[in-house]
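There are 2 protein chains.
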Amino acid sequence: MTDDSDARKDDLKDGEALALGQQLCFAVYSVAHAFNRTYKPLLDRFGLTYPQYLVLLALWQHDNMTVKGIGEELGLDSGTLSPLLKRLETAGFVSRTRDKGDERQVIVALTEKGVALKTEAFGILMEIGKATGCSMKEAAALRSALHGLNRHLDEHNGG
Amino acid sequence: MTDDSDARKDDLKDGEALALGQQLCFAVYSVAHAFNRTYKPLLDRFGLTYPQYLVLLALWQHDNMTVKGIGEELGLDSGTLSPLLKRLETAGFVSRTRDKGDERQVIVALTEKGVALKTEAFGILMEIGKATGCSMKEAAALRSALHGLNRHLDEHNGG
DNA sequence: CATAATTTAATTGGACGCAATATAATTTTG
DNA sequence: CAAAATTATATTGCGTCCAATTAAATTATG
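Read top to bottom, the protein sequences are chains G and R.
Be aware that the first sequence starts at 1, since it is given in my numbering, and climbs by one per residue.
Be aware that the second sequence starts at 1, since it is given in my numbering, and climbs by one per residue.
In structure tokens:
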């Protein structure tokens with residue numbers, strides 16, 4: 001953009017070596033946004049956002065989850081999930097009902113419309129797979145590396 | 001959490017192979033949040049958020065950038081940057097002045113306090129490096145893989 | 001059994017992130 | 001030169017995110 005005379009290919013110079021963690025974080029940050037941009041047009045057709053889609057994915061695998069259960073699966077808390085789930089309810093994809101046995105808990109369940117969406121949204125899988133441009137092997141390796149990184153960070157964050 | 005009798009270790013079953021792109025996206029999404037949680041306590045000491053820190057990193061490398069320049073470097077638009085930069089200005093880390101030559105542009109520059117923060121915040125590098133738990137080699141490989149993924153996604157997103 | 005501690009959701013407030021719109025300045029064109 | 005198109009930034013609105021607080025229900029404890 002300006003004068004980057006000190007930016008050679010991909011060599012690891014002293015400063016870069018130290019800053020690798022930061023660069024890794026920024027790379028993750030950027031890819032997360034890029035994925036979001038890739039998903040957006042696909043999800044807009046259904047009026048969904050990516051986190052909303054994640055909730056539906058979780059429910060498609062295992063219906064009737066509590067808010068807490070969904071939060072643990074996705075790493076989100078009630079501050080994020082409560083309004084999100086209300087929007088999903090308003091849109092008619094899920095129902096929210098207090099557990100009879102323990103009235104503190106709210107059971108989130110797929111509606112008929114929510115179940116039906118699973119097959120409708122199946123094409124998204126293919127689209128995203130294509131967009132990554134990764135071979136199955138590359139994608140699996142990258143996913144695995146990211147899981148390891150996630151574990152390390154969670155441990156460091158006292159989880 | 002409940003009965004996940006169909007969730008075996010890390011094998012690639014048919015469904016999983018198809019869903020690899022999604023799983024990759026979710027892994028990235030999760031790691032991005034984990035990084036954010038790692039940075040938060042480090043940045044709280046300076047009253048900064050991660051995106052604000054990114055802007056300062058960019059300015060420490062190259063002072064006096066336009067809003068557009070920063071946006072291109074970080075992948076953010078004015079809707080995000082305008083209020084963020086005002087907060088950085090209020091906090092006293094940067095100044096914002098309209099370019100005399102082209103009054104459409106706003107030049108963002110580090111204040112004395114902003115420059116001084118660079119050495120103060122140096123410890124963050126080490127902390128983040130430690131938190132990743134990666135060797136230099138692993139980190140470099142992962143970063144490189146993410147760059148490749150970013151390129152693919154950007155191309156797919158018509159960039 | 002009554003009070004305290006814990007658990008589960010919801011709410012509130014501050015900060016992204018982006019689309020869409022607005023505004024002002026510059027450049028292009030006729 | 002004046003109108004149109006382009007460019008740079010700001011604003012608005014919606015939807016995450018998270019921390020902190022609140023409220024209600026359940027469990028533990030004296």
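Beta carbons are placed, not taken as given, at the ideal position from N, Cα and C, and that holds for glycine.
Could you give the distance in angstroms between the alpha-carbon of residue i and the alpha-carbon of residue j?
i: G/Gly133; j: G/Pro41; result: 18 Å
i: R/His156; j: G/Ala131; result: 6 Å
i: R/Tyr29; j: R/Glu112; result: 36 Å
i: G/Leu146; j: R/Gly101; result: 46 Å
i: R/Gly129; j: R/Gly92; result: 28 Å
i: G/Leu43; j: R/Thr119; result: 44 Å
i: R/Asp3; j: R/Thr49; result: With a pLDDT of 40 at R/Asp3, under the threshold of 50, the modelled position of that residue is not reliable, and the figure given next carries that caveat. Straight-line Cα distance between these residues: approximately 39 Å.
i: R/Leu59; j: G/Lys137; result: 38 Å
i: G/Phe26; j: R/Gly75; result: 11 Å
i: G/Pro51; j: R/Gly47; result: 28 Å
i: R/Leu54; j: R/Asp99; result: 23 Å
i: R/Gly69; j: R/Asp77; result: 10 Å
i: G/Met65; j: G/Ala19; result: 41 Å
i: G/Ser144; j: G/Arg151; result: 11 Å
i: R/Asp11; j: R/Arg104; result: Residue placement at R/Asp11 is flagged as unreliable, the pLDDT there being 46, under the threshold of 50; the coordinate-derived value follows with that caveat. R/Asp11 and R/Arg104: Cα-Cα distance of roughly 56 Å.
i: G/Val106; j: R/Tyr39; result: 32 Å
i: R/Arg87; j: R/Glu73; result: 19 Å
i: R/Arg37; j: G/Val67; result: 21 Å
i: R/Gly158; j: R/Ser135; result: 34 Å
i: G/Glu127; j: R/Arg45; result: 42 Å
i: R/Gly71; j: G/Gly71; result: 32 Å
Hey, is residue i close to the ligand ADP, as in C-beta under 7 Å from one of its heavy atoms?
i: R/Tyr50; result: With respect to small molecules bound, the structure shown includes none, and the ligand ADP cannot be examined in it.
Thinking residue i and residue j are a contact (beta carbons under 8 Å), I'd like their distance in whole angstroms, please.
i: R/Leu149; j: G/Val31; result: 6 Å
i: R/Leu85; j: R/Val108; result: 6 Å
i: R/Glu89; j: R/Ser95; result: 7 Å
i: G/Leu125; j: R/Leu142; result: Contact flag wrong, Cβ pair sits at about 24 Å.
i: R/Ala34; j: G/Leu153; result: 4 Å
i: R/Asp63; j: R/Leu117; result: Incorrect: roughly 13 Å between the Cβ atoms, too far for contact.
Buried or exposed, going by whether 16 or more other CB atoms sit within 10 Å of the CB of residue i?
i: R/Gln22; result: buried
i: G/Phe122; result: exposed
i: R/Gln61; result: exposed
i: G/Ala17; result: exposed
i: G/Thr80; result: exposed
i: R/Thr97; result: exposed
i: G/Ala7; result: In this predicted model, G/Ala7 has a pLDDT of only 42, less than 50, meaning its place in the structure is not dependable; the value taken from the coordinates is given anyway. Exposed, since its Cβ has fewer than 16 Cβ neighbours within 10 Å.
i: G/Lys9; result: Residue confidence for G/Lys9 is low, a pLDDT of 44 falling below 50, so the modelled location carries little weight and cannot support an answer.
Note the first and the last residue of the continuous beta strand (DSSP E) segment covering residue i.
i: G/Ala109; result: Val106 to Leu110
i: R/Thr97; result: Val94 to Arg98
Would you kindly report the start and end of the unbroken alpha helix (DSSP H) that includes residue i?
i: R/Ser78; result: Ser78 to Thr90
i: G/Ala141; result: Met136 to His156
i: R/His62; result: Careful: R/His62 lies outside any alpha helix (DSSP H) and carries neither H nor E.
i: R/Ala131; result: Gly123 to Thr132
i: G/Ala34; result: Leu20 to Asp44
i: R/Glu73; result: Val67 to Leu74
Worksheet entry | Contact residues within the segment 100–123 of chain G, judged by C-beta distance below 7 Å to chain R | none
Practice prompt. Could you run through the segment 139–152 of chain G and flag, in chain order, every residue whose CB is less than 7 Å away from some CB of chain R?
Written response: Ala139, Ala140, Leu142, Arg143, Ala145, Leu146, His147, Leu149, Asn150 and His152
Discussion item. Any C-beta of chain G within less than 8 Å: which residues of the segment 13–34 of chain R qualify?
Written reply: Ala17, Leu18, Ala19, Leu20, Gly21, Gln22, Gln23, Leu24, Cys25, Phe26, Ala27, Val28, Tyr29, Ser30, Val31, Ala32, His33 and Ala34
Worksheet item: Using Cβ-Cβ distances below 9 Å, what residues of the segment 125–136 of chain G are close to chain R?
Response: Leu125, Met126, Glu127, Ile128, Gly129, Lys130, Ala131, Thr132, Gly133, Cys134 and Met136
Discussion item. For the segment 36–52 of chain G, list every residue whose C-beta sits within 8 Å of some C-beta in chain R, in sequence order.
Written reply: Arg37, Thr38, Tyr39 and Tyr50
Discussion item. If the cut-off is 9 Å on Cβ atoms, which residues from the segment 63–76 of chain R count as contacting chain G, listed in chain order?
Written reply: Met65, Gly69, Glu72, Glu73, Leu74, Gly75 and Leu76
Worksheet item: Using Cβ-Cβ distances below 9 Å, what residues of the segment 82–101 of chain R are close to chain G?
Response: none
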